[in-house]
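In the working numbering, the protein residues as written are 3 to 357.
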């Protein structure tokens, strides 16, 4: 059927609101289609709201993961594949042509863009090279000399996991040693692991200011059309739980310029920045995917799922970059889905579902 658009959200985890937003977009456009979820855990809550849930290998397994998704795309005639987790981006970006041959458009940026975003050192270099303000990166030796506090985070981290504020020299030394903790058989192995930990850790100057996330719509051609900043009021387990949209002209302007400078973005790009006391916009993260707090931007008036579906069908979406609500507050709360034990097969342990 020409107007049937089937959609697959990967590492779907608990992203129920985003799944339902794609379903609503299909209905509003008068299109037939199903919205599926894929995850490596049968305990993914979104499985219970999807039109179908598919158990797949973990994204970190690489080729088996891509093969499983490719098979789903072929069997279910998937039109759009929407990745939702950082860990899968490089693997899926490298496999975009395979999905194209299967008749599926993968909403993922180019491998070059994904590498820049996933590697925090490459992110820093890109931002500095293109004239964007960002906290300085320090070597471990230079960091020891201060001044403190500092920020410390994994080079390939995700969702603010293992991000630490380092108040002083002792805390820096402790965290550096902690990053190298393994079963250490001898002194040489200890020194090796400490060096390896230093290479996998990014230490940056501390930034004091208001932290913002910016959802930027780049569509299918990489041209930024809308940017919605939201000030983070509270974060839980690396994901925003309370936030407010903020129409800040400089954050919007610089965010649009940043995504334009990347050149090969697809879909929605999620940026993180600090608005410093002196008015500077200082970027710290680039995530080429839907962010966990994107429901706030969509509720404010940016219909990202609808626009992506329209572009996929060759239509030109009606996008007004200013037609979103300033000062809209999101206060998240826990909700639940209920099912039988047979529905999720509690005899198997698949690990934690995607976020």
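Ideal Cβ placement from N, Cα and C applies to all residues, glycine included. The structure presented is a predicted model; accordingly, all values stated were derived computationally and were not measured.
Going by DSSP, residue 276 is part of the beta strand (DSSP E) stretching over 269 to 278. DSSP places residue 220 in the strand class (E or B) of the three-state scheme. A contact between stretches requires three or more CB pairs, one per stretch, nearer than 8 Å, and the segment 82 to 90 meets this requirement with the segment 6 to 20. Annotation for residue 41: the continuous beta strand (DSSP E) segment containing it runs 37 to 41. When secondary structure is reduced to three states using DSSP, residue 17 falls in the coil class, being assigned neither helix nor strand.
Proximity of the segment 300 to 315 to the segment 220 to 234 meets the contact definition, three or more beta-carbon pairs being nearer than 8 Å.
Under a 10 Å Cβ-count criterion, residue 137 is classified as buried, with 16 or more other Cβ atoms of the shown protein chains found around its own Cβ. Below 8 Å, enough C-beta pairs join the segment 331 to 350 and the segment 245 to 253 to call them touching: three or more. In the three-state scheme derived from DSSP, where H, G and I count as helix and E and B as strand, residue 234 is classed as strand. Residue pairing by DSSP places residue 108 opposite 83 in a beta bridge. Here residue 282 carries a coil assignment [DSSP, helix/strand/coil]. The bridge partners DSSP lists for residue 245 are 234 and 332. Scanning 154, 53, 165 and 91 for the CA closest to the CA of residue 171 turns up 154. A straight-line Cα-Cα distance of about 7 Å links residue 271 and residue 292. The Cβ-Cβ distance between residue 28 and residue 39 does not fall below 7 Å.
In the structure shown, residue 126 falls within a helical segment according to DSSP collapsed to helix, strand and coil. With a 10 Å radius around the Cβ and a threshold of 16 neighbouring Cβ atoms, residue 304 comes out buried.
A residue is called buried once 16 or more other Cβ atoms fall within 10 Å of its Cβ, and residue 206 is buried on that count.
The Cβ-Cβ distance between residue 226 and residue 262 falls below 7 Å. The Cβ atoms of residue 307 and residue 23 lie closer than 7 Å to each other. For the pair residue 260 and residue 344, the Cα-to-Cα distance works out to about 48 Å. Annotated three-state conformation of residue 229 is strand, per DSSP. A Cβ-Cβ separation of about 17 Å leaves residue 21 out of contact with residue 346 under the 8 Å criterion. Taking a cut-off of 8 Å for Cβ pairs, the segment 93 to 107 and the segment 64 to 74 touch, as three or more such pairs fall below it.
Taking 7 Å as the cut-off, the Cβ atoms of residue 273 and residue 209 do not count as close. Assigned with DSSP and collapsed to three states, residue 143 falls in helix. Counting the other Cβ atoms within 10 Å of the Cβ of residue 348 gives fewer than 16, which makes it exposed. The secondary-structure analysis by DSSP pairs residue 8 across a beta bridge with 80. For residue 289, the pairing in a beta bridge is given by DSSP as 272.
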